[in-house]
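Asks: Residue numbers (the numbering used here): 5 to 77.
Quick look at the structure:
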């Protein structure tokens, strides 16, 4: 039997914020990303940099503290 790897791609920070009345702060985005990473999510889509100041800041804020998952825009 061959073991296959399943990669998880999460869009909570992008799609989740498109719900009416939902606006994540930078701290909330960082907390959500850290939690997704702790769960083992491979790819975390962070939003639309350039279209939203919080998305831009979230993807460029302190890269040394970024989780080991792959943040994407």
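We put the CB at the ideal spot given by N, CA and C, even for glycine.
Straight-line CA distance for residue 28 to residue 53?
Replies: Approximately 14 Å between the Cα atoms of the pair.
Asks: Is residue 26 close to chain D, meaning its C-beta is less than 8 Å from at least one C-beta of that chain?
Replies: Absent from the structure: chain D. Only one protein chain is present.
Asks: Spell out the partners DSSP gives residue 13 in its beta bridges.
Replies: Residue 13 is bridged to 47.
Asks: Can you give me the C-alpha to C-alpha distance between residue 58 and residue 23, rounded to a whole angstrom?
Replies: Computed Cα separation, rounded: 16 Å.
Asks: Less than 6 Å between C-beta atoms, sequence neighbours within five positions excluded: which residues of the same chain meet that for residue 11?
Replies: Excluding sequence neighbours, residue 11 sits near 46.
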